[in-house]
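Here the numbering used here = 1-based position in the sequence shown + 85. Heads up, the beta-carbon is just placed ideally off N, CA and C, and yes, glycines get one too.
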Amino acid sequence: MASEDHLTTLLQPFLDAPGSAGVLTDFDGTLAPIVDDPVGARPLPNAVATLHRLARHYRRVAVVSGRPAAFLMAQLGADHDELVQGKAAGEGLIVSGLYGLEAGSGGVVTAHPGGEEWKPVVDRMADEADEQMPDGVVVERKGLTVTLHFRTRPDAVDWVRAWADEAAARSGLAVHPARMSFELVPPIPTDKGRVVWDLAVGLDAVCFLGDDEGDLPAFDALDRLRAQGVHTVKVVVASSEASSRLLDAGDVVVEGPEGALDVLTRLVPAQDPSAPAASS
Ligand SMILES: [Mg+2]
86 MASEDHLTTL
96 LQPFLDAPGS
106 AGVLTDFDGT
116 LAPIVDDPVG
126 ARPLPNAVAT
136 LHRLARHYRR
146 VAVVSGRPAA
156 FLMAQLGADH
166 DELVQGKAAG
176 EGLIVSGLYG
186 LEAGSGGVVT
196 AHPGGEEWKP
206 VVDRMADEAD
216 EQMPDGVVVE
226 RKGLTVTLHF
236 RTRPDAVDWV
246 RAWADEAAAR
256 SGLAVHPARM
266 SFELVPPIPT
276 DKGRVVWDLA
286 VGLDAVCFLG
296 DDEGDLPAFD
306 ALDRLRAQGV
316 HTVKVVVASS
326 EASSRLLDAG
336 DVVVEGPEGA
346 LDVLTRLVPA
356 QDPSAPAASS
């Protein structure tokens, strides 16, 4: 756990020059508490307003997730984002969905070229999963990907993993391990690392907040950016499900979505007109 002073030092370059900095974050488990039924996940009450505040100051503010871009935009109010029309200092609130297979801003979703042709294959595997998954395993159809959630059947992890590996082998899809789930995805080389790398273009400071194994490529990307002289901050959102590998990856470890929201709130520059008045 980082000390307050350590966190303050890490965040200062962002507050000093938000116009050349980016704030990038995961969604589930980071902005939104984990729930048994993934359809019911919602960001913490103040998370959306805080992201919009950040977008008024920072060059780039993005939510990078395995969720579909349309779901993210709806949850984050980025589908009717007045920020995009000129109130933002930078580019408004951007979303990257399905690990980079979809991008969304200003209400428009753009699919990765080459992704669409895999949709029938994904649909077929989702149909088979619906028929074959053990009771309690949730099959979440996301369009270009399908996620097999075993949160409510943790005893079935090995069975689900073996099924996903076998389905991938015969369909040509790839398997992404995620938090208490496996995802079948088109074999297009996208992950959060590539997304974060692309989003960091032109920035002098970049942070990323994430809570699970699927976020490790994003943290690796920040390591590569740091080697090039970019100021980077890796914020790991801890939970009882976090691996030691994940916890070790962070410059800062915070507790749950509340801890992540605290970091985001501290990134809001003091002169933000929509921030609560300072007591001093
Ligand atoms: Mg997550």
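Rounded distance between the beta-carbons of residue j and residue i, thought under 8 Å
{"i": "Leu269", "j": "Ala252", "result": "6 Å"}
{"i": "Leu161", "j": "Val206", "result": "Not quite, the Cβ-Cβ distance comes to about 29 Å (not below 8 Å), so this is no contact."}
{"i": "Val339", "j": "Ala323", "result": "7 Å"}
{"i": "Cys292", "j": "Leu109", "result": "7 Å"}
{"i": "Val281", "j": "Val149", "result": "6 Å"}
{"i": "Phe387", "j": "Ala249", "result": "Outside the modelled stretch of the chain, which goes from 86 to 365, sits residue 387, for which no answer is possible."}
Residues near residue i by beta carbon distance below 7 Å, same chain, minus five either side
{"i": "Val224", "result": "Ala211, Ala214, Asp215, Met218, Val231, Leu233"}
{"i": "Glu326", "result": "Arg264, Met265"}
{"i": "Val242", "result": "Phe235"}
{"i": "Val169", "result": "Residue placement at Val169 is flagged as unreliable, the pLDDT there being 46, under the threshold of 50; the coordinate-derived value follows with that caveat. These residues qualify, in order along the chain: Gly177, Ser190, Gly191."}
{"i": "Arg351", "result": "Leu96"}
Three-state class that DSSP yields for residue i in the structure shown
{"i": "Ala117", "result": "strand"}
{"i": "Val169", "result": "Interpretation of Val169 is limited by its pLDDT of 46, a score under 50 that renders its predicted location unreliable; no figure is taken from the coordinates."}
{"i": "Lys277", "result": "helix"}
{"i": "Val133", "result": "helix"}
{"i": "Thr237", "result": "coil"}
{"i": "Ala159", "result": "helix"}
{"i": "Pro271", "result": "coil"}
{"i": "Leu386", "result": "The displayed coordinates of the chain run from 86 to 365. Any statement about residue 386 would go beyond what the structure contains."}
{"i": "Glu326", "result": "coil"}
{"i": "Glu176", "result": "coil"}
{"i": "Phe112", "result": "coil"}
{"i": "Val353", "result": "coil"}
{"i": "Ala345", "result": "helix"}
{"i": "Leu92", "result": "helix"}
{"i": "Arg78", "result": "In the structure as shown, the chain starts at 86 and stops at 365, and residue 78 therefore has no counterpart that could be examined."}
{"i": "Lys319", "result": "strand"}
{"i": "Ser364", "result": "Note that Ser364 scores 46 on pLDDT, short of 50, meaning its location in the model is unreliable; the coordinates nonetheless yield the value given after this. Note: Ser364 maps to coil in three-state DSSP."}
{"i": "Leu301", "result": "helix"}
{"i": "Gly295", "result": "strand"}
{"i": "Val337", "result": "strand"}
{"i": "Ala126", "result": "coil"}
{"i": "Gly185", "result": "helix"}
6 Å Cβ shell around residue i - same chain, five flanking residues per side excluded
{"i": "Leu349", "result": "Thr135"}
{"i": "Phe304", "result": "Lys319, Ala334"}
{"i": "Leu186", "result": "His197, Gly200, Leu229, Thr275"}
{"i": "Thr451", "result": "With the chain represented from 86 up to 365, any question about residue 451 goes unanswered, as that position is not in the structure."}
{"i": "Pro98", "result": "Ala290, His316"}
{"i": "Ala155", "result": "Val194"}
Environment of residue i [buried if 16+ CB atoms lie within 10 Å]
{"i": "Pro130", "result": "exposed"}
{"i": "Thr94", "result": "exposed"}
{"i": "Asp220", "result": "exposed"}
{"i": "Gly107", "result": "buried"}
{"i": "Asp101", "result": "exposed"}
{"i": "Thr115", "result": "buried"}
{"i": "Gly295", "result": "buried"}
{"i": "Gly332", "result": "Correcting the residue identity first, residue 332 is Leu in this sequence and not Gly. So Leu332 counts as exposed."}
{"i": "Ser329", "result": "exposed"}
{"i": "Pro271", "result": "buried"}
{"i": "His91", "result": "exposed"}
{"i": "Gly125", "result": "exposed"}
{"i": "Gly257", "result": "exposed"}
{"i": "Thr237", "result": "exposed"}
{"i": "Ala254", "result": "exposed"}
{"i": "Gly182", "result": "buried"}
{"i": "Gly314", "result": "exposed"}
{"i": "Val146", "result": "buried"}
Any non-hydrogen atom of ligand 2 within 8 Å of residue i CB
{"i": "Arg264", "result": "Questions concerning ligand 2 fall outside what the structure shown contains, since the ligands it does hold are ligand 1."}
Chain-order list of residues whose beta-carbon lies under 8 Å from that of residue i (same chain, five-residue window excluded)
{"i": "Ser365", "result": "Only weak support is given to the placement of Ser365: the predicted model assigns it a pLDDT of 41, under 50, and the question is left unresolved by the model."}
{"i": "Ser105", "result": "Arg144, Gly287, Leu288, Asp289, Ala290"}
{"i": "Glu89", "result": "none"}
{"i": "Arg209", "result": "Ser256"}
Per DSSP, cross-strand counterpart(s) of residue i
{"i": "Leu142", "result": "It is His, not Leu, that sits at residue 142 in the sequence shown. According to DSSP, His142 bridges with nothing at all."}
{"i": "Ala147", "result": "Leu109, Ile179"}
{"i": "Ser190", "result": "Val193"}
{"i": "Pro262", "result": "Phe267"}
{"i": "Thr232", "result": "Glu225, Glu268"}
{"i": "Ala290", "result": "Ala106, His316"}
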